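One structure below.
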Amino acid sequence: MVIDIDLLASSLREIWDKAKLGTDYAIVAIPDDKIYSRIFSFPKSVTEERLSEAMRLAITFQLPIKTEDAYLDWERAPGTTTTNEILLSTIPRDVADGYVQALEKAGIKTLALESHLAGIARAVKLVPGETTIFSKKTPDGATIFALRDGILRFSRTFPARFVPEAELHKEVNKVKEAIASETKGDIKEQELVKATVRDEYANRKEITEPKSKWLVALGTAIRGRIPEGMDNLISLLPVGTEEAYSYQRATTFIVLMRNLVISISIFFVSAYLVTYISMLSMLQKGTQQVTTLSSSVIPPELVEKEKLIGEINTITETGLNFLSQMPIWSVVITELVLRTPDGITISTFSAPNFTDRFSIVGNARNRETLNNYKKTLQESAMLSEVELPLTNLDKEESVPFSISFRLKDPSALYFSSSQAH
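So for the sequence shown, the working numbering puts the first residue at 4; every next one is plus one.
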């Protein structure tokens, strides 16, 4: 669990800046001591459509923690000739949220969150079809885990206060015997510090000795090379990896639009203020000179200044007319951001102009979240004619949607002279 979010965030930002990676997106692996993983087996007769339902039932009755207190995800494992196998991982929400908050404070956009063991399983060199048991020391004890064909088959963390280091080999033997009786095959035992990376990465100059220290980093890097739209691996975030891609793109677009609108507004407001202050200063000086020389003949210099003041007034009026024709986009964007709840991921926002219909395309966590989102938009004092086409009615989870609406009063979103004053 993260104890000091600010300290972790500053450390991550410092490391990130030194690495000069050229991106703020990352797949993140965290320690596995708070992560529970398990393989679920189902008969081959359980088809793809029924597999998700079977997993939901298994989660409800067989997880050691409450589902409302955890984030969970699963992925398909190779299985056998007679069974389908699913690897499930869960993490307490407060543990995952601590890491995510620190990463966000560091400016790192997290696409997936997984355990160290998932990265190790992806990168370590294994004998195909053979189960290998590894043990590794942790700050609070040790972890024993079993891998086969790049999939985590078993893991358990032993706190040092319950299992001293001298007794760890006994626990390894117990695990080895249990897995051997289940798989009815030979089990290989290996210390993690003596493990090496897969052959295709072994000769890379970046991977120095001992190669075991690179297993976690290499495993996450391998996952990072999976093309967008094809990553179906476990991610212990509130949303899946593909939803995280969409969310980060939408967030980047909204931030870009907000900054653009703010920059344009600041430019024109600054130009107006500079012109207004210059005009006022020159007017005051001209008034003082007229008062002093009221009994004298008006000098040519004063005539020139009066002419300049008239030109400045003309420029000011032109600037106000220009500002009155510039819509304030940030008002609409802010309204949408405030009314978009968790569970709604926006991928496309279309706004031809303020008098036409706006459209939002995205993905909802479930049907109830989507219906509540429509109701929230309908309650907005700014929006009208909110429409949600009845599509994808067969989907209850991860529902694609397209919502359109109009502005109740488009003219209210334009800069006016009263706003300028």
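Glycine is no exception: its CB is placed at the ideal position from the N, C-alpha and C atoms.
Note that the structure is predicted; figures quoted are calculated from it, not measured.
Can you give the Cα-Cα distance for residue i and residue j, rounded to whole angstroms?
{"i": "T85", "j": "F404", "result": "38 Å"}
{"i": "E309", "j": "G289", "result": "8 Å"}
{"i": "I6", "j": "E382", "result": "40 Å"}
{"i": "L114", "j": "K47", "result": "32 Å"}
{"i": "T93", "j": "K112", "result": "21 Å"}
{"i": "I18", "j": "M4", "result": "20 Å"}
{"i": "Q291", "j": "I269", "result": "33 Å"}
{"i": "K23", "j": "R16", "result": "11 Å"}
{"i": "I190", "j": "D76", "result": "28 Å"}
{"i": "E88", "j": "P67", "result": "19 Å"}
{"i": "H424", "j": "I229", "result": "Because the pLDDT of H424 is 43, which lies under 50, any placement of that residue in the model is unreliable, and the number read from its coordinates should be weighed accordingly. Each residue's Cα considered, the two are about 55 Å apart."}
{"i": "G232", "j": "S238", "result": "14 Å"}
{"i": "S333", "j": "L311", "result": "36 Å"}
{"i": "I154", "j": "A124", "result": "6 Å"}
{"i": "R342", "j": "V389", "result": "13 Å"}
{"i": "T83", "j": "G132", "result": "11 Å"}
{"i": "L60", "j": "F43", "result": "11 Å"}
{"i": "Y275", "j": "I318", "result": "9 Å"}
{"i": "T70", "j": "F64", "result": "10 Å"}
{"i": "M385", "j": "T358", "result": "13 Å"}
{"i": "S14", "j": "V103", "result": "14 Å"}
{"i": "A32", "j": "L106", "result": "12 Å"}
{"i": "V402", "j": "E338", "result": "23 Å"}
{"i": "P81", "j": "S362", "result": "42 Å"}
{"i": "V277", "j": "I349", "result": "40 Å"}
{"i": "A247", "j": "E320", "result": "Unreliable placement is indicated for A247, whose pLDDT of 47 sits below 50; no coordinate value is reported for it."}
{"i": "G346", "j": "F352", "result": "17 Å"}
{"i": "E168", "j": "R41", "result": "25 Å"}
{"i": "P355", "j": "V200", "result": "52 Å"}
{"i": "T244", "j": "G227", "result": "Residue confidence for T244 is low, a pLDDT of 46 falling below 50, so the modelled location carries little weight; the figure read from the coordinates is stated next. C-alpha separation (whole angstroms): 11 Å."}
Quick check on the burial criterion: 16 or more other C-beta atoms within 10 angstroms. Buried or exposed for residue i?
{"i": "A126", "result": "buried"}
{"i": "H172", "result": "exposed"}
{"i": "S138", "result": "buried"}
{"i": "G425", "result": "One cannot answer for residue 425 here, as it falls past the ends of the chain, which runs 4 to 424."}
{"i": "K214", "result": "buried"}
{"i": "L10", "result": "exposed"}
{"i": "D202", "result": "exposed"}
{"i": "L410", "result": "buried"}
{"i": "Y39", "result": "buried"}
{"i": "A73", "result": "buried"}
{"i": "R368", "result": "buried"}
{"i": "S118", "result": "buried"}
{"i": "T160", "result": "buried"}
{"i": "R207", "result": "exposed"}
{"i": "N316", "result": "exposed"}
{"i": "N176", "result": "exposed"}
For the candidate residues the options, whose alpha-carbon lies nearest to that of residue i?
{"i": "P392", "options": "N374, I111, L114, E382", "result": "N374"}
{"i": "A145", "options": "R164, I8, A224", "result": "R164"}
{"i": "A183", "options": "V196, E168, L195, F157", "result": "F157"}
{"i": "D143", "options": "K37, W217, I8, L90", "result": "K37"}
{"i": "E314", "options": "D345, L339, M282, P303", "result": "M282"}
{"i": "D234", "options": "I30, E180, E338", "result": "I30"}
{"i": "T26", "options": "A109, T379, P34", "result": "A109"}
{"i": "E174", "options": "V335, P355, E192, L380", "result": "E192"}
{"i": "L396", "options": "T379, I280, R370", "result": "R370"}
{"i": "K128", "options": "D20, V340, A198, F408", "result": "A198"}
{"i": "L116", "options": "K187, E185, M285, P34", "result": "P34"}
What are the boundary residues of the alpha helix (DSSP H) that residue i is part of?
{"i": "N366", "result": "Looking at the DSSP string, N366 is not in any alpha helix (DSSP H); the run it does join, the beta strand (DSSP E), is 361-369."}
{"i": "R16", "result": "8-22"}
{"i": "I184", "result": "The sequence as given places Ser at residue 184; Ile does not occur at that position. Start and end: 171-186."}
{"i": "D76", "result": "First-last for D76: 73-80, but that is the beta strand (DSSP E), not the alpha helix (DSSP H)."}
{"i": "I225", "result": "218-227"}
{"i": "G101", "result": "96-108"}
{"i": "F165", "result": "Careful: F165 lies outside any alpha helix (DSSP H) and carries neither H nor E."}
{"i": "T85", "result": "First-last for T85: undefined, no H or E at that position."}
{"i": "E203", "result": "202-205"}
If I follow the unbroken beta strand (DSSP E) through residue i, where does it start and stop?
{"i": "E117", "result": "112-118"}
{"i": "S387", "result": "386-390"}
{"i": "K139", "result": "134-141"}
{"i": "I347", "result": "347-353"}
{"i": "T146", "result": "144-151"}
{"i": "A57", "result": "Run containing A57: none in the beta strand (DSSP E); it sits in the alpha helix (DSSP H), 51-65."}
{"i": "I198", "result": "As written in the sequence, residue 198 is Ala, which differs from the Ile given in the question. A198 -> no beta strand (DSSP E), and no H or E assigned at all."}
{"i": "V31", "result": "28-33"}
{"i": "S405", "result": "400-410"}
{"i": "S414", "result": "Counting along the chain, S414 falls outside any beta strand (DSSP E), and DSSP gives it neither H nor E."}
{"i": "K208", "result": "Where K208 is concerned, there is no enclosing beta strand (DSSP E), given that its DSSP letter is neither H nor E."}
For residue i, verify whether its CB is less than 7 Å away from any heavy atom of the ligand ATP.
{"i": "I38", "result": "The model depicted lacks the ligand ATP and carries no ligand whatsoever."}
Could you check whether the segment 40-59 touches the segment 98-115, counting it as contact only if at least three pairs of C-beta atoms, one from each stretch, sit closer than 8 Å?
Under the three-pair Cβ rule at 8 Å, the segment 40-59 does not count as touching the segment 98-115.
For the segment 146-163 against the segment 127-136, are there 3 or more C-beta pairs whose distance is under 8 Å?
Between the segment 146-163 and the segment 127-136, the count of Cβ pairs shorter than 8 Å is three or higher; the stretches touch.
Taking 8 Å as the cut-off, does the segment 150-161 touch the segment 211-230 (at least 3 CB pairs, one atom from each stretch)?
No contact exists between the segment 211-230 and the segment 150-161.
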